[in-house]
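Structure record follows, encoded as structure tokens.
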Amino acid sequence: MEKVNIKAILKKVEKPARYLGNELNTIHKDTSNKNLIRYAHCFPDMYEVGMSHLGSHILYNCINQEEDVFCERVYAPGVDMEEKMRENNIPLFGLESREAITNFDFVTFSLQYEMCYTNILNMMDLAGIPLLAKDRKNREPFILVGGSCAYNVEPLADFVDIVVLGEGEDMNLDVIRAYKEWISTNPYENGKSREDFLEKVSQIEGVYIPAFYEFEYNEDGTVKQLNKLKNFAPDKPRKRIIENMDEAEYPEKLIVPFIETVHDRIVLELFRGCTRGCRFCQAGMIYRPIREKSLDRLKEIVDNMIKNTGYDEISLSSLSTSDYSKIQEITDFLVEEYAPQNIGVSLPSLRLDNFSMEIAEKVQQVRKTGLTFAPEAGTQRLRDVINKGVTEEDLRNAVGKAFEMGWNSVKLYFMIGLPTETYEDLDGIRDLAYEVIGIYKNVHGGRVGGRFGVTVSTSTFVPKPFTPFQWHGQDTQEEIRDKQKHLVGKLRNGKIKYNYHDSKTSLMEAVFARGDRRLGKVLLEAFKNGAKFDGWSEYFDLGRWLNAMEVNNLDPSFYAHRERNYDEVFPWDHIDVGVTKEFLVRENETAKEAKVTEDCRHGCNGCGINVHDIGRGLC
């Protein structure tokens, strides 16, 4: 393949280093090898965001361990770069080879956020790949997607060929190896078609081929039933799980970018899964069961990553990091081993009920990073509804400890629009913020220093598939704006900063999160009318989306605001994530009673994942 020439346009775009490649620890292979399988791993957002995504680094290293497979990175070019590429007929290219991905074997996308879907279409269009799967001919790339949004991929079903459900390290390799075996038989020369390969990989656990299924709809617009178009297609495609995290691939030679990224540091994954069972949290359901890395393996990983990157910060990452069974031991090790090298440790958003003074004292030895706590709701009643399992006493203790140890500010994270929420719950957010101020005064003898501050951030609740709240409607735009305005008035204080997210974006996120295949036409219409980078407020245009819905005779309220019945068939009901629908119904009913379900570290709650043939983990 011929390399694209971007030299002339780099000086005309913002942050040209986004497009250079050749960063420290990148992998290169001989692309003149005609037997080399070409695999483009595309992240549908800008370089700074995609380079901060741990999963992409894991897959990059994992796939490139195959000698005859070359995995390259591709990111959504900035608007200015895209304009120059189109002006100069430069197709989308892989960073490593700088060759057009049009002729690759696989073009894959990581689905982490619904508002990146238009970027997927834009990247395919820029690559010269037909957008609709039915229009792709033999020898054109197979479009493969995975990630958290893949569990309800139906809005993208018309555009993709292969969906991988679950953890992709082994699964992607299984797909690639099946392709190597298939392509070695010269299938196209022997009268075979793309569908023959799709049939072959449909038998791999964790693989879902949307083209082998079709939906019927009721007159009211709800799903009537799913029909299999091919007898060999699985009845319920089942997510893939890696059982032994110590044996799982990890990027010990992390690529070091030329420019600052969103998370410019080493990310150390302690475990996967979560046992807490927050009822709004999709990740806590779909990533079950919990599986930890051993302390020895973590020490080995972080030592190699520091040697190979030169980073001066280690971020401990998992869904609930402080729940790691050896959190004290790993923190002690990291600080004692690396503090003398001026390498710091940072903690993500922390649960209030297990905040450790010893851990906090340790991590501040090199540098004080910010502390973020996530009460999620302002009153105990609503925290019990969502199964958060923390109390105001937990907040007092955690914040008090932090202030005693020298922190001058904290961030508090909440959701608004949660099921059963009232304005009394919103006032509870105000009460917690002012209580934090009072705690600081008590610690400092009634004084409030100039550097002290409380940041309150609220996001809008988005009902997600495979959660106990998947049956609930989202608040309307008017309701969310009224609640945000209410909080603005209640949080007027020089020591409180209030941030809130644009609810317009959350509306369309809710539409696509629980959407069906009919939304594919909406997505295509919005893209043709200029939609892209919809996760960025400066590019998002709600009017464009509402027009696309209207053109296709669809109502956003049907998807976002409507309450569902338990007997309704969902577009994702045929996907097996291990957690049963019966458990989700039970949890939703428990939420209505504002009752807490215990952490399943303390006993099985019968979610269903324990029958998933798991050899390790709590189950």
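In the UniProt record's numbering, the protein residues as written are 1 to 619. For every residue, glycine included, the Cβ atom is placed at its ideal position computed from N, Cα and C.
Extent of the continuous alpha helix (DSSP H) run through Cys42
Taking the sequence shown and counting its residues from 1, one reaches residue 42 at position 42. It is not in any alpha helix (DSSP H) - Cys42 instead sits in the beta strand (DSSP E) that spans Ile37 to Phe43.
Round the Cβ separation of Thr261 and Glu99 to the nearest angstrom and send it over; I've been treating them as touching at under 8 Å.
Translated into the one-based positions of the sequence shown, residue 261 becomes position 261. Translated into the one-based positions of the sequence shown, residue 99 becomes position 99. Contact doesn't hold; Cβ gap of about 24 Å is too wide.
Met415 versus Ala377 - alpha carbon distance
Taking the sequence shown and counting its residues from 1, one reaches residue 415 at position 415. Taking the sequence shown and counting its residues from 1, one reaches residue 377 at position 377. A direct Cα-to-Cα measurement between Met415 and Ala377 gives close to 6 Å.
Enumerate in chain order the residues of its own chain whose CB-to-CB distance from Met285 is below 6 Å, with the five nearest sequence positions on each side excluded.
Numbered from its first residue, the sequence shown carries residue 285 at position 285. Excluding positions up to five away in sequence, the list reads Phe466, Thr467 and Val579.
Element boundaries [beta strand (DSSP E), containing Ser317]:
One-based indexing of the sequence shown puts residue 317 at position 317. Here the beta strand (DSSP E) through Ser317 covers Glu313 to Ser317.
Restricting to Cα atoms, I'd like to know which of Glu87, Glu589 and Thr597 is closest to residue 621.
Any answer about residue 621 is impossible in this case: the structure gives the chain only from 1 up to 619.
Cβ-Cβ separation, Leu352 to Leu319 (assumed contact under 8 Å), whole Å
The residue you call residue 319 lines up with position 319 of the sequence shown. The residue you call residue 352 lines up with position 352 of the sequence shown. Leu319 to Leu352, Cβ: 16 Å. No contact.
Tell me whether Ile6 sits in a helix, a strand or coil according to DSSP, three-state version.
Indexing the sequence shown from 1 puts residue 6 at position 6. Ile6 carries a coil assignment under DSSP once its states are collapsed to helix, strand and coil.
Local Cβ density within 10 Å of Glu14, reported as buried at 16 or more and exposed below that
Here residue 14 refers to the residue found at position 14 when the sequence shown is read from its first residue. In the assembly as shown, Glu14 is an exposed residue. Its beta-carbon has fewer than 16 other beta-carbons within 10 Å.
With 16 as the cutoff for other CB atoms within 10 Å, does Ala8 come out buried or exposed?
Locating residue 8 in the sequence shown gives position 8, counting from the first residue. With fewer than 16 other Cβ atoms within 10 Å, it is exposed.
Suppose the cutoff is 6 Å on Cβ atoms and the five residues either side in sequence are ignored; what does the same chain contact list for residue 622 look like?
Nothing in the structure corresponds to residue 622, since the chain is present only between 1 and 619.
For Gly406, tell me which candidate among Thr476, Val443 and Ala150 has the shortest Cα-Cα distance.
Counting from one through the sequence shown, the residue named residue 406 turns up at place 406. Comparing C-alpha distances from Gly406 to each of Thr476, Val443 and Ala150 shows the shortest one belongs to Val443.
Residue span of the beta strand (DSSP E) that contains Met415, given as start and end:
Residue mapping note: residue 415 aligns to position 415 of the sequence shown, counting from 1. The continuous beta strand (DSSP E) containing Met415 extends over residues Ser409 to Ile416.
Would you check if there are 3 or more beta carbon pairs closer than 8 Å linking the segment 493-508 to the segment 446-461?
Yes: at least three Cβ pairs fall under 8 Å.
Tell me whether Pro375 sits in a helix, a strand or coil according to DSSP, three-state version.
Start at 1 with the first residue of the sequence shown, and residue 375 comes out as number 375. Residue state, collapsed to three classes: strand.
Looking at the structure shown, is Arg514 part of a helix, part of a strand, or coil, going by DSSP?
As a position in the sequence shown, residue 514 is number 514, starting the count at 1. The three-state secondary structure of Arg514, taken from DSSP, is coil.
Among Ala157, Pro130 and Glu292, the one whose alpha carbon lies nearest that of Lys326
In the sequence shown, residue 326 corresponds to position 326, counting from 1. Distances from the CA of Lys326 to each of Ala157, Pro130 and Glu292 were compared; the closest alpha carbon is that of Glu292.
Nearest-angstrom Cα separation, counted from Leu144 out to Asn186:
Residue 186 sits at position 186 when you count from the first residue of the sequence shown. Residue 144 sits at position 144 when you count from the first residue of the sequence shown. Looking at the two C-alpha atoms, the distance is approximately 21 Å.
C-alpha distance - Val488 paired with Trp545, whole-angstrom precision:
Walking along the sequence shown from the start, residue 488 turns up at place 488. Walking along the sequence shown from the start, residue 545 turns up at place 545. Computed Cα separation, rounded: 28 Å.
For Arg272, which beta-bridge partners are listed by DSSP?
For the purposes of this step, residue 272 is taken as residue 272 along the sequence shown, with counting starting at 1. Under DSSP, Arg272 shares a beta bridge with Arg291.
Cβ-based burial, Phe232 [other Cβ within 10 Å; buried from 16]
Along the sequence shown, one-based indexing puts residue 232 at 232. Classification for Phe232: exposed.
Can you tell me whether DSSP reads Ala233 as helix, strand or coil?
Taking the sequence shown and counting its residues from 1, the one referred to as residue 233 is at position 233. DSSP, read as helix, strand or coil, puts Ala233 in coil.
Cutoff 7 Å; reference Arg616; Cβ partners in own chain excluding five residues on either side:
If you number the sequence shown from 1, residue 616 lands on position 616. Residue placement at Arg616 is flagged as unreliable, the pLDDT there being 44, under the threshold of 50; the coordinate-derived value follows with that caveat. Once the five neighbours on either side are set aside, the close Cβ partners of Arg616 are Glu243, Asn244 and Arg291.
Under a three-way DSSP split, which group does Val302 fall into?
Translated into positions along the sequence shown, residue 302 becomes position 302. Helix at Val302.
Can you tell me whether Thr505 is buried or exposed? The criterion is at least 16 other CB atoms within 10 Å of its CB, across all chains shown.
The residue labelled residue 505 in the question sits at position 505 within the sequence shown. Buried is the call here.
Are there three or more Cβ pairs, one per stretch, closer than 8 Å when the segment 116-127 is compared with the segment 193-207?
Note that the segment 116-127 does not touch the segment 193-207; fewer than 3 beta-carbon pairs, one per stretch, sit closer than 8 Å.
Tyr440 to Glu392, Cα distance in whole Å?
As a position in the sequence shown, residue 440 is number 440, starting the count at 1. As a position in the sequence shown, residue 392 is number 392, starting the count at 1. Using only the alpha carbons, I get a separation of about 15 Å.
From the DSSP secondary-structure annotation, give me the bridge partner or partners of Thr455.
Translated into positions along the sequence shown, residue 455 becomes position 455. Beta-bridge pairing links Thr455 to Lys411 and Lys497.
I'd like to know if the segment 49-59 and the segment 159-176 are in contact, where contact means that at least 3 CB-CB pairs between them fall below 8 Å.
Taking 8 Å as the limit for Cβ pairs, the verdict is that the segment 159-176 does touch the segment 49-59.
By Cβ distance, which residues of its chain are closer than 6 Å to Thr31, with the 5 residues on each side in sequence left out?
On the sequence shown, position 31 is the one that residue 31 refers to. Ser97.
Start-to-end residues for the alpha helix (DSSP H) that takes in Lys224
By one-based count along the sequence shown, residue 224 stands at place 224. Counting along the chain, Lys224 falls outside any alpha helix (DSSP H), though it belongs to the beta strand (DSSP E) covering Val223 to Lys228.
Which stretch, first to last residue, makes up the beta strand (DSSP E) that contains Ser346?
Along the sequence shown, read from residue 1 onward, the residue named residue 346 stands at position 346. Gly344 to Ser346 is the extent of the beta strand (DSSP E) around Ser346.
So, Ala510 versus Ala560, is the Cβ gap smaller than 7 Å?
By one-based count along the sequence shown, residue 510 stands at place 510. By one-based count along the sequence shown, residue 560 stands at place 560. It is a contact, given that the beta carbons lie within the stated cut-off.
Compute the beta-carbon to beta-carbon distance between Ala433 and Leu412, rounded to the nearest angstrom, for a pair I have assumed lies under 8 Å.
The residue given as residue 433 occupies position 433 in the sequence shown. The residue given as residue 412 occupies position 412 in the sequence shown. That pair is a contact at about 7 Å.
Top-ranked residue by Cα proximity to Asn22, from Ile259, Glu525, Trp572 and Tyr287:
To locate residue 22, count along the sequence shown from 1; it is residue 22. The candidate whose alpha carbon is nearest that of Asn22 is Ile259.
If you draw a straight line from the C-alpha of Gly273 to the C-alpha of Pro289, how long is it?
By one-based count along the sequence shown, residue 273 stands at place 273. By one-based count along the sequence shown, residue 289 stands at place 289. Approximately 5 Å between the Cα atoms of the pair.
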